[in-house]
Amino acid sequence: MARELRIAERTVKAHIARISDKLGQQTRLQAVVLSVLVHHALCADTHCECRHAATAAVDPPLPSAS
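So for the sequence shown, this note's numbering puts the first residue at 558; every next one is plus one.
Pasting the structure below:
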């Protein structure tokens, strides 16, 4: 991530730590899970790819009519 953003690895770690702290989470995984859940709950964009991915994982495909 640091290389792609062209910043120091230490800077990435500091930003991640601050984000986790602001979200009240102890780990990066907890912060990511919370972010995904909140985004999914609040996203009103019907074309958002997160909606399609989330509903595809929850709703099984319908049986074919043939």
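The beta-carbon is built from N, C-alpha and C at its ideal position, and this holds for glycine as well.
By the Cβ neighbour-count rule, A588 is buried, with 16 or more other Cβ atoms within 10 Å of its own. Annotation: A601 to S592 spans about 15 Å, alpha carbon to alpha carbon.
Per the C-alpha coordinates, the member of M558, D578, V595 positioned closest to V569 is M558. For A565, the secondary structure class from DSSP, reduced to helix, strand or coil, is coil.
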